[in-house]
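Notes follow the structure.
Protein chains: 2
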Amino acid sequence: MAAVSSPIPRRERLRRATLDEIKQTAHAQLAELGPAALSLRGVARAMGMAPSALYRYVASREVLLAELTADGFASLADALEAAFAAGDPHDHLGRWLDVARAHRRWALDHAVEYTLIFGTRVPDGGFVGTRVAIELQRSVAVLFRCMTEAIKAGLVDTGHLDAGLTPTMRARLRAWADDHGVTIDPGGMAVCLAAWTQLHGFLSLESFGHLPPALDDPADLFDRQMTEVFARACSAIVPAGLPGAEGPTRPDRMVGSDPARTGGR
Amino acid sequence: MAAVSSPIPRRERLRRATLDEIKQTAHAQLAELGPAALSLRGVARAMGMAPSALYRYVASREVLLAELTADGFASLADALEAAFAAGDPHDHLGRWLDVARAHRRWALDHAVEYTLIFGTRVPDGGFVGTRVAIELQRSVAVLFRCMTEAIKAGLVDTGHLDAGLTPTMRARLRAWADDHGVTIDPGGMAVCLAAWTQLHGFLSLESFGHLPPALDDPADLFDRQMTEVFARACSAIVPAGLPGAEGPTRPDRMVGSDPARTGGR
DNA sequence: CACCCGACGCGAACACTGTTCTCTGTAGGG
DNA sequence: CCCTACAGAGAACAGTGTTCGCGTCGGGTG
């Protein structure tokens, strides 16, 4: 805020700069060659440095990859939060769709990071507390907020959702909610989990190329599934027949309206 | 069957044997060290061979990995087909659950193959026609058969499902069905896709460790989601409220009855 | 039977990789 | 002004995928 030359002592600033350059270069190599082909010597070469000099900034190739992964998570969370913030607070389905589409757009635009994040087994044990875990929680939190606000608005009859749960499930879901500091009943958590599951399943299949090529550009199928999973949560007020172009909230926002302004990017 | 010494000319037999040993050794190394750590020199060492000798059997490290991946796909498809065959043909929900559980069991038991299969971007373009593609189709076909037989049995009102589809979606789903030689209407295909999506999403999150640790052993949540996705398809006869321990088919088979005899293994 | 050709396996070699060690300038802070 | 900490360089080690040329055996053919 003030005008004094630099709050950080220049030395640190330079260090940050080259570290950023390293990450950026590594990211570029990652994007065009895939995670397996990322080589420290490669980024050193691209930067005009000796390979050994990199070790002043990065402990090993593995932690560099982990760092990039965490950055990817953060970028995704940012995109989701932006989509959520830009959405209409009164159009719950519309905002949910916006967030879901932002997630999809991010997955398609950042294919390699997506692989890095969701296609890799998390290292044993040392997950909780990691920056990766924190950023992942941030992403999931946005998805959940879409649902919880709908619940608060009375769109979801959590009672009948809770009814189908066994005591064990209820306890676990409650523990999960407590862990995240959210106050949703287990029925709501189950709905959130289902939505997350389906969203992730679709995007994972699509961006890994496992979806049949017959349905190219499955954007509308994605929209439909996302609408469906939301409508299922709201089934108390949206009866059985799935809403094709009709629903409880503003119809013009319901389906496939503006796929352009979704991503944070 | 017969008594003649060997229908295949011995030379070929030996070749197959060592190739199998190579694959087996590679598989073992894969299972305990992860896909990134699979080294040709390593398997050569374990087999007491010179590294260069491996190249008589395997063109490169990459094609060996691809071969193992395809084997993994085949193993999964076998497990699913076995579960399907062992299921009660009249208890559609039960059989669907059996198949879904078999899939989950396989995913948890074969963690590394799962990563290899579903955590890796498929190579560009050259996917269709590959052995991988064929085996994947086999797996998906089992999942679909669960649904199509339920449709045939009149459990699903495909009419109201079809109603929610746009013409474009309908055309694409029909093209997909044609590609696979199955005769389901687009509505049914949409349901199948949703089921597959959700199943895969859950298993992917779980076996990659992205599911919150608060809900350890999420088997019952998995069962619930799988029941739910089936019930949603059958919503014509199972009205809005999700079946907790009640449903259209035999209740004792509905939920979490016998998780032991699921896998093909 | 002898022969030969193809398949098999081996060892050395090349071009890489991650990583560590030691050394040298140089620039910041006292 | 010095001096120390630190950025960077270079060599080296262990390991990797992959290729090439060499022997050596075995099975089909004359």
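One line per chain: the protein sequences are F and Y, in this order. The first sequence runs 25 to 289 under the numbering used here. The second sequence runs 25 to 289 under the numbering used here. Note that CB positions come from ideal geometry on N, CA and C, so glycine has one too.
Quick one: grab the DSSP three-state call for T144 (chain F). coil
Taking the straight line between their C-alpha atoms, what separation do you get for S84 (chain F) and A60 (chain Y)? 16 Å
Closer than 8 Å, Cβ to any Cβ of chain F: which residues of the segment 50-73 of chain Y, in chain order? G58, A60
Could you spell out where the alpha helix (DSSP H) holding M250 (chain Y) opens and where it closes? 243-257
Spatial neighbours of T182 (chain Y) in its chain, beta-carbon cut-off 7 Å, leaving aside the 5 residues before and after: I175, D209, G211, G212
On a CA-only basis, which of Y:A52, Y:P191, Y:W220, Y:V82 is nearest E137 (chain Y)? Give me that one, please. Y:A52
Measuring straight from C-alpha to C-alpha, what distance separates D202 (chain Y) and A201 (chain F)? 44 Å
Between the beta-carbon of V87 (chain Y) and the beta-carbon of L104 (chain Y), is there less than 9 Å? no
For G118 (chain Y), count neighbouring Cβ atoms within 10 angstroms of its own Cβ and tell me buried if that reaches 16, exposed if not. buried
Counting Cβ pairs closer than 8 Å, one from the segment 219-232 of chain F and one from the segment 191-200 of chain F, do we hit at least three? no
Under 9 Å between C-beta atoms, does A264 (chain F) make it to chain Y? Low per-residue confidence applies at A264 (chain F): pLDDT is 37, beneath 50, and the placement is therefore not dependable, though the value from the model is reported in the following sentence. So yes, A264 (chain F) belongs to the interface.
Go ahead and pull the three-state DSSP assignment for V262 (chain Y). For V262 (chain Y), the predicted structure reports a pLDDT of 37, less than 50, and the residue's modelled location is therefore unreliable. The matter cannot be settled from this model.
In chain order, each alpha helix (DSSP H) run of at least 4 residues that lies wholly inside the segment 81-152 of chain F: 85-110, 116-133, 135-142
What do you reckon, are the CB atoms on W120 (chain Y) and F254 (chain Y) nearer than 9 Å? yes
Since F246 (chain F) contacts F226 (chain F) with CB under 8 Å, what's their CB separation in whole angstroms? 6 Å
Thinking C-beta only, is L64 (chain F) closer than 9 Å to V82 (chain F)? yes
For D3 (chain F), which of Y:H224, Y:A199, Y:L229, Y:P242 has the nearest alpha-carbon? This structure cannot settle anything about residue 3 (chain F), because the visible part of chain F is limited to 25 through 289.
Taking H184 (chain Y) as part of the alpha helix (DSSP H), name the residues at either end of that continuous run. 182-187
Within chain Y, the residues that R196 (chain F) reaches when beta carbons sit closer than 9 Å: A238, L239, D240, D241, P242, D244, L245
At a Cβ threshold of 9 Å, is D102 (chain Y) touching chain F? no
Taking C-beta to C-beta, are A98 (chain Y) and E159 (chain Y) nearer than 9 Å? The Cβ-Cβ distance between A98 (chain Y) and E159 (chain Y) falls below 9 Å.
Closest by C-alpha distance to L229 (chain F), when choosing among Y:A187, Y:G143, Y:D102: Y:G143
Taking a contact to mean a Cβ-Cβ separation below 9 Å, would you say A106 (chain F) touches R155 (chain F) in this structure? no
Beta-carbon spacing of H116 (chain Y), A177 (chain Y) below 9 Å: It is a contact, given that the beta carbons lie within the stated cut-off.
A101 (chain F) versus I141 (chain F) - alpha carbon distance: 12 Å
Simplified DSSP assignment, three categories, for A195 (chain Y): helix
Give the secondary structure of P237 (chain Y) by DSSP, where H, G and I count as helix, E and B as strand, and everything else as coil. coil
Please state whether DSSP places M71 (chain Y) in a helix, a strand or coil. The DSSP-derived three-state label of M71 (chain Y) is helix.
Taking 9 Å as the threshold (beta carbon to beta carbon), is A306 (chain F) in contact with chain Y? Not covered by the structure: residue 306 (chain F). The range shown for chain F is 25 to 289.
State the DSSP-derived secondary structure class of R65 (chain Y), mapped to helix, strand or coil. R65 (chain Y) falls in the helix class under three-state DSSP.
Limits of the alpha helix (DSSP H) - the one that P210 (chain Y) falls within: 210-231
Close-in-space but distant-in-sequence residues of the same chain around A257 (chain F) (CB under 6 Å, 5 per side omitted): V180, V215
Where R34 (chain Y) sits in the DSSP three-state scheme: coil
For chain F, find out if any of its Cβ atoms is closer than 9 Å to the Cβ of D202 (chain Y); answer yes or no. yes
In chain F, which residues lie with their C-beta within 7 Å of the C-beta of H182 (chain Y)? Note that residue 182 (chain Y) corresponds to Thr in the displayed sequence, not to His. Within chain F, no residue comes near T182 (chain Y); the closest Cβ sits about 12 Å away, beyond 7 Å.
Let me confirm a value: P267 (chain F) is counted as buried when at least 16 other C-beta atoms fall within 10 Å, else exposed. Which label applies? Only weak support is given to the placement of P267 (chain F): the predicted model assigns it a pLDDT of 38, under 50, and the question is left unresolved by the model.
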